[in-house]
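When the letters of the sequence shown are read in order and numbered with mature numbering (1 follows the signal peptide of the UniProt record, and there is no 0), they come out as residues -19 to -1, 1 to 1017.
Just so it is clear, CB atoms sit at the ideal spot from N, CA and C, and this is done for glycine as well.
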Amino acid sequence: MSIRIFLFLLFAFPMLVTAQKAVVTESEREFLTYPFGEPSPVPILAERSNRIYPYHSFDGYSVTGQKQKWKVVKLENDYIEVYILPQVGGKVWGAIEKSTGKEFIYRNEVMKFRNISMRGPWTSGGIEFNFGYIGHTPATTNPVDYKTQENADGSVSCFVGTMDLPSRTQWRVEIRLPKDKAYFETHALWNNPTPITQSYYNWMTGAAVVSDDLEFFYPGDEELGHDGANGPWPVDAAGRDISKYANSNFGSHRSSHIVGEYTDFMGGYYHKSNFGFGHWALYNDMPGHKLWLWALSRNGGIWEDLLTDTDGQYMEFQAGRMFNQFQASSLRTPITQVPFSPGMTDRWQELWFPVKDIGGLSDVSPQGVLHVTRDQGKLSIGVNALATSQAKIIVTSNGKVIHTESKSLNPMEVIQTSVSLDSKAPFEVVVEGMDLRYSSENKNLIKRPFASMFKADPSSASYLYYAGMEQKESRNYKGAKTLLLNCVAKDAQHIGAVTALSELYYRSHQFDSALYYSNLGLQLDAYDPGVNYYAGVNYRAQGDLLNALETFGWAARSAEYRSPAYAQMAAIEIQRGDLTLGEQYAQQSLDFNRYNFNALHSLTILYRKTNRATEADKILETLLTADALDHFADFEKYLLHNTPDNLAKFKATIQNEFPYQTYLEVALQYQSLGLADDALQVLDKAPAHPLVHLWAAYLKKDASALPSIAAESPAFVFPFRLETVEPLQWATQKSDHWKFKYYLALNDWGIQREKDALSLFQSCGSAPDYAPFYTSRAFLQKGKDSKQELADLETAQRLAPQDWRTTSTLIEYYEGQQDHQKTLTLSTAAVKKFKGNYTLGLQYAKALLNNGQYAASVKTLEGMTILPFEGSSDGKNVYEQAYMLWALDLIGKKKYADAMTKLEKSKAWPENLGVGKPYDADTRMQEYAEAFCLQKMNKGKEAEALQTAIVEYSNQQPLEPTLNNILPLWVWQQKGDKAATQAWLEKLNTLGSQRPAHRWVVAIAKGDTSSKQSAETALKGNPYFLIIEKLKALSI
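Set out below in structure tokens:
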């Protein structure tokens, strides 16, 4: 017996020890991958969005897969497995609950990249970390910095993160798996090291598979749209319980932000498999709970095919720092954009967990999940432990305890119990030891209003200020400047507007103009902290350190600006050489924000410069504990302890898509403090890149280096920083090579100085031998010099004839000029040269359509496979337009039966064109033409039925700003129904859209000739408008 016990202990002991630790491993795993590629060397300013420059876009996607190896980090304990992809945005690939083998985070087994994100490529599944600007983060499918770590408490971590280039904010996520919990944690850190505000957007996007038995548990009583419009939840205005996935079988994709209840969780549960998933975070950290669903029609179903092979459709449960993913509209609501304050560091924690066997989620804590239901006189209670717990269930009703039950639980163990209770009796269930509570009376509803009673006055100064700030926080700085200047024109004493203008002119490297507005503000209020702060920012940018210190000192008296102002003052004293005072200000900054990284970085430098290595090491430990991927701290450690090992550690964690940008950012922190030698040490170790070499030459004032820099390729060189303006100006003064003017033009363009950028482009003349130069200059000349625009596009094509994009852009030019014959000539040649390119193929189909070759257009489309971007319907539109115009030609020839056939075909949604049919497709245009044909074929009753269908669709479906809205108006006018016509006009007026189609319909309804002509000018060349005009000529 003793030998048996000995052998048992011998073999069991290692297992027991292992069970007390979580494990982290790294491997390369082969996935079936549908790759992306064809990075565009044209600055994204001329392509997609000026709000994410200096990133570039990608234009190549694959319809066939190939095996490709990807790095996978795996975190595992006894209860769950978590998989992370550092090369794909650092996303969590998926997570599995081990006792069931089920995924509680959807794991897509293929990498099927599709054109969905801001830069293009995106792949579904897992958890995506989105920081910076609304949409899928620019780093979402590219490598980020990462590091794994075994922690002293037995947990394991994988740190991922990178810099958001446009805002220069730094984001990090520690994905941590405790040794003894059935959940994993994400610890986010987001730092704004810049001296100005940045856009604030964060949503952590988890994915889960969907099925008809899925129920969503999102506490709240209202849902918000992106514009802040509110509606009831979970039962919508039409009486549908939309917390049940199967009940969303209507309309389009669903994007619901659930609000109204002070709770910390959301999740979903599959009733047939008795399993679910969830997310927990303190309400104050993550009040945003979003539910995203692809449409249950083929409109959404096609994306299952586009994004995965075998893993099925998915939904997204998204947690956010704000109530919703706000997009401004004409609707005035309490929801707005918010700024990310200068010097601020935000930190928060979230839990992601599985749940099983209890039927749903009524309350959640880090200890476990509670679910309570009442049915036919019985209270059913389920508890799923997420951590080792001593659970005591206490059920009370009318102030009396009616049931207690205690049990020790290990993670993923479950209690299921029931209590008899009158169906109308109040009750409360508390699980002591697990911090769980649920009551029949919802005590968590909040009183916050989500609708506004105020009517906006677009002409008022307050409205212009509000609208300007919305645009500023949305990175539309040019639009913000216009609105805020109009505000000041209305109210010269609007101190908020002049403060914002000071910041905006700083962003554009126009420091004199910025100080003009700062001084206007100081004339209004000498002590205003915001005005003083931005005066200090601009004085420092100009090198006027005395006045910067003076104004920052006043800003530091306010709680809002105290920490960033003192951090700026510390930096200035380092520049001035007063390290004692610099230390004092840095410490004062940290007194009010212990995670002000600028102040902490200043202290490390101060201590190193004054030979206080022990104190420097303590600050470095603080920094790297807070941010394991703080590259500045790693380099400071190397400077403090100059060893090859420390240099290797610094380099090892820089694994992101643009490593040279990381080196530049570290170097420029030293440069901003006047420490050129330290900056040059960083640049000396940086990867080769023209901007790295330019900065090194500038800091050394070595003009002899410029010819070699000019000899480097300009491909993907996209300068964007304010600081880089001076080196580029220096280079243009020391060299007449066109590349330095080009780089300075891009930098000016990126900081909203388009006129200066165009001037620099024009000064280069015809010297450049680089196609993207001419494509970019052509873009800047749109609407200014059409002849030069065309010449530049032709030059781009001549210089890069093998790049299909130069031909495509030239075709776009002729499309805009409505030179249909030239468009057809170019696109015919293009599709022969670049076989299989669906962008050119679609342009060719459009050209055939615009040249009246409808049958050839349709045939071209039928032979194509389009991989669409999200929301794209271009292929379907051309297909529909071709059949519609074909049908109208047949109607003109009185071939009504043939026309009916073409009209029916125009209603199809060919999925090879990248679209799926929605539930309620708008076919009013076809029905109007069909009614005319039926009338001519002596089928009056059928014609009348179609007219009725047009009216019913118009009255029943949500109103959209489309040309089709004119059709019910014509039907009512033909019937002489003035009341219906007036009611329709009133409904149209509620939409408030400024789209030309909507303005034209409203103008027709009102009889407003001037507005009608203005809208028609904007609609010129739109095939749908041509169809509407042809329909107008039909008399039913």
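Out of the options, which one is the CA nearest neighbour of residue i?
i           : options               : result
residue 155 : 135, 161, 130 and 146 : 130
residue 741 : 260, 226, 752 and 719 : 719
residue 192 : 265, 910, 87 and 671  : 87
residue 207 : 311, 35 and 836       : 311
residue 433 : 555, 209, 362 and 583 : 209
residue 249 : 202, 105, 221 and 334 : 334
residue 784 : 816, 797 and 275      : 816
residue 857 : 352, 824 and 202      : 824
residue 668 : 168, 410, 635 and 128 : 635
residue 408 : 13, 275, 383 and 554  : 383
residue 908 : 883, 610, 709 and 898 : 883
residue 593 : 570, 612 and 564      : 564
residue 523 : 502, 508, 503 and 553 : 553
residue 949 : 176, 965, 940 and 939 : 965
residue 345 : 243, 549, 445 and 803 : 243
residue 996 : 863, 800, 980 and 229 : 980
residue 234 : 279, 270 and 200      : 279
residue 975 : 204, 993, 673 and 699 : 993
Using three-state DSSP, classify residue i as helix, strand or coil.
i           : result
residue 931 : helix
residue 300 : strand
residue 119 : coil
residue 269 : strand
residue 671 : helix
residue 74  : strand
residue 847 : coil
residue 29  : coil
residue 96  : strand
residue 599 : helix
residue 366 : strand
residue 188 : strand
residue 218 : coil
residue 112 : strand
residue 343 : coil
Ignore the nearest five residues each way along the sequence and tell me which others in residue i's own chain have a CB closer than 6 angstroms to its CB.
i           : result
residue 854 : 896
residue 877 : 914, 917 and 918
residue 924 : 912, 915 and 916
residue 928 : 912 and 952
residue 637 : 124, 125, 126 and 143
residue 609 : 128 and 140
residue 222 : 215, 216 and 228
Give the C-beta separation of residue i and residue j to the nearest angstrom, bearing in mind that I take them to be a contact with Cβ-Cβ under 8 angstroms.
i           : j           : result
residue 115 : residue 488 : Wrong, their Cβ atoms sit about 19 angstroms apart, outside the cutoff.
residue 266 : residue 171 : With a Cβ gap of about 12 angstroms, residue 266 and residue 171 do not count as contacting.
residue 647 : residue 613 : 5 angstroms
residue 821 : residue 859 : Going by Cβ atoms, the distance from residue 821 to residue 859 rounds to 13 angstroms, so no, they are not a contact pair.
residue 360 : residue 399 : 6 angstroms
Can you list, in chain order, the residues of its chain with a C-beta nearer than 8 angstroms to that of residue i? Leave out the 5 residues immediately preceding and following it.
i           : result
residue 292 : 87, 88, 89, 90, 91, 106 and 190
residue 506 : 476 and 512
residue 688 : 716 and 718
residue -8  : Legend: pLDDT at residue -8 = 43, less than 50; position of this residue unreliable, value from coordinates given subsequently. Taken in chain order, the list of residues that qualify is empty.
residue 218 : 212
residue 601 : 585, 614, 617, 618 and 621
For the ligand GTP, any of its heavy atoms closer than 7 angstroms to the Cβ of residue i?
i           : result
residue 117 : Ligands in the displayed structure: none, and consequently the ligand GTP is not present.
Which residues in the same chain as residue i place their Cβ atom closer than 7 angstroms to its Cβ, once the five residues preceding and following it in sequence are excluded?
i         : result
residue 4 : 57 and 137
request  = Tell me, please, whether the segment 511 to 527 touches the segment 475 to 495 by the rule of three or more beta-carbon pairs shorter than 8 angstroms.
outcome  = Contact between the segment 511 to 527 and the segment 475 to 495 is present, because at least three Cβ pairs lie under 8 angstroms.
request  = Could you tell me whether the segment 428 to 445 touches the segment 385 to 402, using the rule of 3 or more Cβ pairs below 8 angstroms?
outcome  = With a cut-off of 8 angstroms on Cβ pairs, the segment 428 to 445 is not in contact with the segment 385 to 402, counting fewer than three such pairs.
query = How do the segment 894 to 910 and the segment 925 to 939 stand: do at least 3 beta-carbon pairs fall below 8 angstroms, yes or no?
reply = Segment contact: the segment 894 to 910 against the segment 925 to 939, three or more CB-CB distances shorter than 8 angstroms; contact assigned.
message = Under 8 angstroms, with one C-beta from each stretch per pair, do the segment 170 to 181 and the segment 192 to 201 reach the 3-pair mark?
response = Not touching, per the Cβ criterion.
request  = Tell me, please, whether the segment 33 to 43 touches the segment 63 to 82 by the rule of three or more beta-carbon pairs shorter than 8 angstroms.
outcome  = Contact fails: fewer than three Cβ-Cβ distances are below 8 angstroms.
message = Closer than 8 angstroms is the cut-off here; do at least three beta carbon pairs connect the segment 737 to 755 with the segment 772 to 780?
response = In this structure the segment 737 to 755 touches the segment 772 to 780; the number of beta carbon pairs closer than 8 angstroms is three or more.
query = Are the segment 275 to 285 and the segment 349 to 366 touching, with three or more C-beta to C-beta distances below 8 angstroms?
reply = Counting C-beta pairs closer than 8 angstroms gives fewer than three between the segment 275 to 285 and the segment 349 to 366, which falls short of the contact rule.
task = Report yes or no: do three or more beta-carbon pairs, one from the segment 640 to 659 and one from the segment 155 to 166, lie closer than 8 angstroms?
result = No: fewer than three Cβ pairs fall under 8 angstroms.
ask   = Does the count of Cβ pairs from the segment 48 to 59 and the segment 7 to 17 closer than 8 angstroms reach three?
value = By the Cβ rule, the segment 48 to 59 counts as touching the segment 7 to 17, because three or more pairs are nearer than 8 angstroms.
inquiry  = Quick check: the segment 317 to 325 against the segment 538 to 545, are at least 3 beta-carbon pairs closer than 8 angstroms?
reply    = Between the segment 538 to 545 and the segment 317 to 325, the count of C-beta pairs closer than 8 angstroms reaches three or more; the two stretches touch.
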